[in-house]
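The numbers in this note's numbering rise by one with no breaks, and the one at position 171 of the sequence shown is 250. Note that beta-carbon positions come from the ideal geometry of N, C-alpha and C, so glycine has one too. The block underneath contains the structure these notes are about, expressed in structure tokens.
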Amino acid sequence: LPARRLYLHQLFVAMAAVRAAASSGGRPHLPAAGLLKCLLCDVDGSLVHYEDVLDLHGTMTVDPPFKGGTVTYTPLPAMAKLLGDGAPRPLELIALPASASGMKGFISRGTLSLASELQKSGCRVVIVSGGRWATVKGRAPYLPAADAYVSDNGGRIFWASAERAHPSSSEGTESGGGAAATCSASDRQLVEDLAWRAHLASGGAIGGVDEDGLPPAERSGALWRLYNHLVARGWIIDARGYETSFRVRFPQPHSKAAEGGSLVASGSPAEARTREALEAILEATSQEVNSGPVLAWATNLGHVDVFPRLSGKREAGLWVLKELGVQDPKVQSKRKKRKEEKGREEGREEGREEGRKGGR
């Protein structure tokens, strides 16, 4: 199966499992209230789906292009079975605003209902997206109300509670400037976690929040040096609205204007702008300091996103879990033991090396 089709299949299986877990009255249910402590949800392909994928698994009652509101979606029999229904049952889908790239997605009203049920049981919900913050913020009113929102491939974390952000002050502007950045989404104040941003800046990949809003060519750090390097070589880079990452779209457009505001240098060397060529450049330039690589990259909706190695959805998710206090103590204990064992092994290796030098 194509990757996205398989992903949707897995989503329906997960939805069926969540429905069973959150239900009672003859259906399977959680063995104890509050067993599920935190649900971290990706957006595209998990909560939100697009017409090209939805058409593979059912039919809509409204022909595209769709301009807003809700539509009725009837899954094919195989999908209805995965949802736990004996026969196809119409679902109500809500249309989301188009993303910065023009993509229009849908979310099921049933998904919102299930998320609400989980939250009532004490489960925390966190939205995690590779998209730029402007897109995530615009979609927030249509998504499950979350305790935190992660955007820019883990580069930015916004809390629904000002007490969760650092510093504690909730005064400030969305562009940072030394205070907790705030914005409104779904009538709630979302406050950026500046401690997380400072953590990312400490790795040398990006500068501080005071650089938010600057043209990419004027920002500091390995990420933006790589951006300028790629633009100079003729690559078309999307940095519009990104503060801690940028996106390289495939196939590469033929335009000479970079989407981040810079222009491709005249006379830039011609080269094949393929995914393989980009990965070779990334491998060669991602390691800029003695401590090791400072950049990482991932595929998102067929494109390549580049971001600080300290960032990424996984690392941001772990940070959020720690802040929420829902990490499993057993997992923390295992990590501590592995770190201690690694330290002991490094110490033994240093001792052996000193012994070899003494023997010479």
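Checklist entry - Below 7 Å between beta carbons: does that hold for P167 and P156? => result Against the sequence shown, residue 167 aligns to sequence position 88. Against the sequence shown, residue 156 aligns to sequence position 77. Contact flag set, yes.
Checklist entry - Between R423, R276, L400 and G381, which lies nearest to R388 when the distance is taken from Cα to Cα? => result To locate residue 388, count along the sequence shown from 1; it is residue 309. For the residues R423, R276, L400 and G381, the minimum Cα distance to R388 belongs to R276.
Item to check | Extent of the continuous alpha helix (DSSP H) to which I360 belongs | outcome: Position 281 of the sequence shown, counted from the start, is the residue given in the question as residue 360. Judged by DSSP secondary structure, I360 falls within the alpha helix (DSSP H) whose first and last residues are R354 to T364.
Item to check | For T153, the three-state DSSP class (helix, strand or coil) | outcome: Within the sequence shown, the letter at position 74 stands for residue 153. It is a strand residue.
Checklist entry - Near R354, what residues of its chain come up, given a Cβ to Cβ distance below 8 Å and the 5 sequence neighbours on each side ignored? => result Taking the first residue of the sequence shown as 1, we reach residue 354 at position 275. These residues qualify, in order along the chain: F329 and V383.
Checklist entry - In angstroms, rounded to a whole number, what distance separates the CA positions of A336 and L309? => result Indexing the sequence shown from 1 puts residue 336 at position 257. Indexing the sequence shown from 1 puts residue 309 at position 230. Confidence in A336 is poor, its pLDDT being 46 and thus under 50, which makes the residue's placement unreliable; the coordinate value appears in the next sentence. Computed Cα separation, rounded: 13 Å.
Next on the checklist: Are the CB atoms of N307 and A318 within a distance shorter than 7 Å?
Outcome noted: Position 239 of the sequence shown holds residue 318. Position 228 of the sequence shown holds residue 307. For A318 and N307, no; Cβs fall outside 7 Å.
Next on the checklist: The alpha helix (DSSP H) that contains N307, what's its start and end?
Outcome noted: Here residue 307 corresponds to residue number 228 of the sequence shown, with the count starting at 1. From DSSP, the alpha helix (DSSP H) with N307 extends over A301 to A311.
Item to check | Local Cβ density within 10 Å of D134, reported as buried at 16 or more and exposed below that | outcome: Your numbering for residue 134 matches position 55 in the sequence shown. The residue is exposed, with fewer than 16 neighbouring Cβ atoms inside 10 Å.
Checklist entry - If you check the beta carbons only, do A225 and V205 fall under 7 Å apart? => result Walking along the sequence shown from the start, residue 225 turns up at place 146. Walking along the sequence shown from the start, residue 205 turns up at place 126. In contact: A225 and V205 (Cβ atoms closer than 7 Å).
Next on the checklist: Going by DSSP in three states, M182 sits in which element: helix, strand or coil?
Outcome noted: The count along the sequence shown starts at 1 and reaches residue 182 at position 103. Residue state, collapsed to three classes: coil.
Item to check | Sequence-distant residues of the same chain with beta carbon closer than 6 Å to L172, five excluded per side | outcome: Translated into the one-based positions of the sequence shown, residue 172 becomes position 93. These residues qualify, in order along the chain: V150, Y152, F185 and S187.
Next on the checklist: Would S195 and V215 qualify as a contact pair, given that the criterion is a beta-carbon distance under 7 Å?
Outcome noted: Along the sequence shown, one-based indexing puts residue 195 at 116. Along the sequence shown, one-based indexing puts residue 215 at 136. Taking 7 Å as the Cβ cut-off, S195 and V215 do not qualify as a contacting pair.
Next on the checklist: Which residue marks the beginning of the alpha helix (DSSP H) containing W398, and which one marks its end?
Outcome noted: Within the sequence shown, numbered from 1, the residue matching residue 398 stands at position 319. W398 -> alpha helix (DSSP H) spans K392 to L403.
Item to check | Beta-carbon proximity list for Q198, same chain, < 7 Å, skipping 5 on both sides | outcome: Counted from its first residue, the sequence shown places residue 198 at position 119. Hits under 7 Å: V204.
Next on the checklist: Pop quiz: D123 and L380 are said to be a contact at Cβ under 8 Å. What is the actual Cβ separation, rounded to whole angstroms?
Outcome noted: As a working mapping, residue 123 is identified with position 44 in the sequence shown. As a working mapping, residue 380 is identified with position 301 in the sequence shown. The pair is a contact, with the Cβ atoms about 6 Å apart (cut-off 8 Å).
Next on the checklist: Distance check for G422 and S208, CA to CA, integer angstroms please.
Outcome noted: Start at 1 with the first residue of the sequence shown, and residue 208 comes out as number 129. Start at 1 with the first residue of the sequence shown, and residue 422 comes out as number 343. Between the alpha carbons of S208 and G422 lies a distance of about 34 Å.
Next on the checklist: Suppose contacts are defined by Cβ-Cβ distances below 7 Å. Is G283 in contact with V385 by that definition?
Outcome noted: Taking the sequence shown and counting its residues from 1, one reaches residue 283 at position 204. Taking the sequence shown and counting its residues from 1, one reaches residue 385 at position 306. Taking 7 Å as the Cβ cut-off, G283 and V385 do not qualify as a contacting pair.
Next on the checklist: Would Q331 and R298 qualify as a contact pair, given that the criterion is a beta-carbon distance under 7 Å?
Outcome noted: Residue 331 sits at position 252 when you count from the first residue of the sequence shown. Residue 298 sits at position 219 when you count from the first residue of the sequence shown. Their beta carbons are not under 7 Å apart, which means Q331 does not touch R298 by this criterion.
Next on the checklist: Run through the DSSP bridge pairs and tell me what D121 is partnered with.
Outcome noted: Stepping through the sequence shown from its first residue, residue 121 is reached at position 42. Looking at the DSSP assignment, D121 forms a beta bridge with V207.
Next on the checklist: Measuring straight from C-alpha to C-alpha, what distance separates R431 and T323?
Outcome noted: Start at 1 with the first residue of the sequence shown, and residue 431 comes out as number 352. Start at 1 with the first residue of the sequence shown, and residue 323 comes out as number 244. When rounded, the separation of the alpha-carbon atoms in R431 and T323 is 42 Å.
Checklist entry - What span of residues does the alpha helix (DSSP H) with V517 cover, start to end? => result With the chain covering only 80 through 439, there is no way to say anything about residue 517.
Checklist entry - Between L119, E358 and G313, which lies nearest to K392 when the distance is taken from Cα to Cα? => result Numbered from its first residue, the sequence shown carries residue 392 at position 313. Closest by alpha carbon: L119.
Checklist entry - Taking Cβ positions, are P154 and H136 nearer each other than 7 Å? => result In the sequence shown, residue 154 corresponds to position 75, counting from 1. In the sequence shown, residue 136 corresponds to position 57, counting from 1. Result yes, Cβ atoms of P154 and H136 sit closer than 7 Å.
Next on the checklist: Taking 7 Å as the threshold (beta carbon to beta carbon), is E420 in contact with chain C?
Outcome noted: No chain C is present in this structure, which holds just one protein chain.
Checklist entry - Is the beta carbon of G320 less than 7 Å from the beta carbon of R417? => result For the purposes of this step, residue 320 is taken as the residue at position 241 of the sequence shown. For the purposes of this step, residue 417 is taken as the residue at position 338 of the sequence shown. Contact: no.
Checklist entry - Bridge partners of V373, per DSSP? => result Reading the sequence shown from its first residue, position 294 is the one you call residue 373. For V373, which the question treats as bridged, DSSP gives no partner whatsoever.
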